[in-house]
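A quick write-up on the structure given underneath.
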Amino acid sequence: MDLVKIFPFTMGITNHRGAGMKILFAASECDPYCKVGGLGDVIPALAVALRKIGHDVRIVLPKCASVNEATPFVAVGGPMIVNMGYGVEFAQLLSTEYRGVTVYLVEFNRYFGRGGIYGECGEGYCDNWERFAFFCRAVIDACQFLNWSPDVIHAHDWPTGIIPALLSVHSRPEAVRSSGSVFTIHNMAHHGYAPMELLDFVGLYDHYWHPFAMEACGAVNVMKGALQFAGKITTVSRTYAEEIKTSDYGHGLDDVLRYRASDMIGICNGVDTDIWNPLTDRFLPRNFSAKSMGGKMICKRRLQAHMELADGDGIPIFGVVARFFEQKGLDVLCDILPDVVKNMEVQFALLGSGDKHLEWRFMQLMHNFRGKVSCRIGLDNPLAHLIEAGADFFVMPSRYEPCGLNQMYSMLYGTLPIVRATGGLADTVENYNEKTGDGTGFVFRDLTYSALYNTIGWACATYYDRRGDVERMRLSAMGKDFSWAKAAGEYERVYGAVAPVRRCGAPQ
Ligand code: GLC
3 MDLVKIFPFT MGITNHRGAG MKILFAASEC DPYCKVGGLG DVIPALAVAL
53 RKIGHDVRIV LPKCASVNEA TPFVAVGGPM IVNMGYGVEF AQLLSTEYRG
103 VTVYLVEFNR YFGRGGIYGE CGEGYCDNWE RFAFFCRAVI DACQFLNWSP
153 DVIHAHDWPT GIIPALLSVH SRPEAVRSSG SVFTIHNMAH HGYAPMELLD
203 FVGLYDHYWH PFAMEACGAV NVMKGALQFA GKITTVSRTY AEEIKTSDYG
253 HGLDDVLRYR ASDMIGICNG VDTDIWNPLT DRFLPRNFSA KSMGGKMICK
303 RRLQAHMELA DGDGIPIFGV VARFFEQKGL DVLCDILPDV VKNMEVQFAL
353 LGSGDKHLEW RFMQLMHNFR GKVSCRIGLD NPLAHLIEAG ADFFVMPSRY
403 EPCGLNQMYS MLYGTLPIVR ATGGLADTVE NYNEKTGDGT GFVFRDLTYS
453 ALYNTIGWAC ATYYDRRGDV ERMRLSAMGK DFSWAKAAGE YERVYGAVAP
503 VRRCGAPQ
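Numbering-wise (our numbering), the sequence shown opens with residue 3 and increments by one.
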């Protein structure tokens, strides 16, 4: 029984709930230093939101080659010892500040001084397990090196998934002796498989090689270990938290999640409105807001010109900004596009990269339907902002979507999302109701040719025939509160549950 809950004030004991906590984020992505997907947006935004409510949040990342040399990092002390299972290594800790949050980078070129974060040219590095196991060990040792005792280490996705296990060993360093752990699942599909040697490599005992610990199907499953050992587990939307407890979405770990269900919660991501705000967005040719929508048409014209789409204010543009992976369901969009553009008066503006076959299919479609379909391959942040602002609709037919950020960005830019009802898409988009004219987008259930074709057709018909409803939905979408403040409050409660209990007056 938790004494603090019974006698919170009379015992001279307090836990850190509500008071400023010391929180260390461990992550493999963080914009503007290293980013592949939504994780890179979430890490800095959540950290800043937690700092705003009074917590000492710091972030630790591997120093990948993508970290811009112009970033003013300074070395923190001399070489830092990283205690691997086989002996010590020496890394360099660097630091900088991002909007009031201290960011540390672990520099160790043998593992991180490469072109990509996880791999290059669509192929993951074959020593990823080793690289990220090293990083996890370095995160723990960085606390000792800095002589800084976080109340909570918050690890994100499998690359940081060994941290909860490392915090569970008796011989952990003094600095993290009382640190609690929180693990967030941003994507259940990637587990991080490693050979049994991983345990020796990071100095974990053999008994972690067990189906109730980290072993699965004859390998170490890093995600499984994180789910077993984290004090609390979160994921990035309520619906996804339910979905991954089922065999359809659990990627083989649904049983572990059902077992830990009372320690798991879904917290929907927010939007960093300092970056995604149509009124202040520096990438737009003209800013706009719900009160003054004129700029949106100028963005639309710029988008048509930039992507070589035919001119025409009255033709609806459907935007896509995505990583081209199976998760995103864009193969089905490829299947239906020829019929859509033949039968409907529409345009498509696509941006993304990933699966080479999908990239090729989209380029073919652009070639076959010039002026109607346009596709750019790659990461292009200014163009991503322009598509969100200039399009009328935004298509996200994801097979699964833990949270999804683009549907929220698009709503704030008055661009109505067309989404499959899964994960965070189901939680954030309200389906159009033709009777009342209410809603913030168009929602369908099954990822089939006809469901996606018909929903795009429905949006297209609404654009041409019920324009008033489109305008009304735009305004209600733009008025939604997706700010990070709400999520930060929910994370604060989760941290409070794992943060150490301290005696009043004890050194912090
Ligand atoms: C992953 C998920 C995405 C989520 C993001 C941030 O990229 O696929 O749905 O929004 O992480 O949590």
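Quick reminder that beta carbons are idealized off the backbone N, C-alpha and C, glycines included.
Asked                                                                                                                                                      : Found
May I ask you to report which of helix, strand or coil DSSP gives F27?                                                                                     : strand
Does the Cβ of G126 lie closer than 6 Å to at least one heavy atom of the ligand ZN?                                                                       : As far as ligands go, the structure on display features the ligand GLC and does not contain the ligand ZN.
So the candidates are D276, V62, K247; which of them puts its Cα closest to the Cα of L259?                                                                : K247
List in chain order: all unbroken alpha helix (DSSP H) runs of 4+ residues lying wholly within the region 340-402.                                         : 358-370, 383-392
When the Cα atoms are used, what is the spatial distance from I1 to A29?                                                                                   : Examination of residue 1 is not possible in this model, given that the chain is present from 3 through 510 alone.
Going by the DSSP bridge assignment, what does G89 pair with across the sheet?                                                                             : M86
Hey, does Y88 have any beta-carbon neighbour from chain B nearer than 7 Å?                                                                                 : No chain B appears in this structure, which consists of one protein chain only.
Which residues in the same chain have their Cβ closer than 7 Å to the Cβ of F371, if we skip the five residues on either side of it in sequence?           : V343
Give the range of the alpha helix (DSSP H) segment to which K54 is assigned.                                                                               : 40-54
Hey, quick one: how far does the beta strand (DSSP E) through F320 stretch, first residue to last?                                                         : 319-326
Beta carbon of L63: closer than 6 Å to some heavy atom of the ligand GLC?                                                                                  : no
In terms of residues, what are the limits of the alpha helix (DSSP H) holding A489?                                                                        : 486-500
May I have a chain-ordered list of the alpha helix (DSSP H) segments no shorter than 4 residues that lie completely inside the region 405-452?             : 408-414, 425-430
Roughly how far, in whole angstroms, is the beta-carbon of L339 from the beta-carbon of F350, given that I think they are within contact range, below 8 Å? : 7 Å
For I520, report the span of its beta strand (DSSP E) as first-last.                                                                                       : Past the edges of the chain, shown from 3 to 510, lies residue 520, and the structure says nothing about it.
Quick one: what does DSSP say R60 is sitting in, helix, strand or coil?                                                                                    : strand
Whose C-beta lies closer than 6 Å to the C-beta of A135 among residues of the same chain, with five residues either side of it excluded?                   : I164, L200, F203, V204
Would you identify the three-state DSSP class for E125, choosing helix, strand or coil?                                                                    : strand
When the Cα of T417 is compared with those of E328, C336, I389, which residue comes out closest?                                                           : I389
Where does F285 sit, in a helix, a strand or coil, going by DSSP?                                                                                          : coil
If I follow the unbroken beta strand (DSSP E) through E109, where does it start and stop?                                                                  : 103-109
Can you check whether the CB of A93 is closer than 7 Å to the CB of V84?                                                                                   : yes
Whose C-beta lies closer than 8 Å to the C-beta of G491 among residues of the same chain, with five residues either side of it excluded?                   : I55
In terms of DSSP beta bridges, what is Y100 paired with?                                                                                                   : V103
To which residues of the same chain is P64 closer than 6 Å at the C-beta, ignoring the five residues directly before and after it?                         : V108, F114, F137
Would you call the CB atoms of I142 and L168 closer than 7 Å?                                                                                              : yes
Tell me, please, which residues DSSP counts as bridged to V273.                                                                                            : S485
Measure the alpha-carbon distance for F395 versus M475 and round it to whole angstroms.                                                                    : 11 Å
Would you kindly work out how many angstroms separate the C-alpha atoms of S291 and G126, rounded to a whole number?                                       : 41 Å
Cβ of N189 within 6 Å of any heavy atom in the ligand GLC?                                                                                                 : yes
Quick one: grab the DSSP three-state call for M3.                                                                                                          : With a pLDDT of only 39 at M3, under the threshold of 50, the placement of this residue in the model should not be trusted; the figure read from the coordinates follows. M3 falls in the coil class under three-state DSSP.
Would you say the beta carbon of C270 comes nearer than 6 Å to a heavy atom of the ligand GLC?                                                             : no
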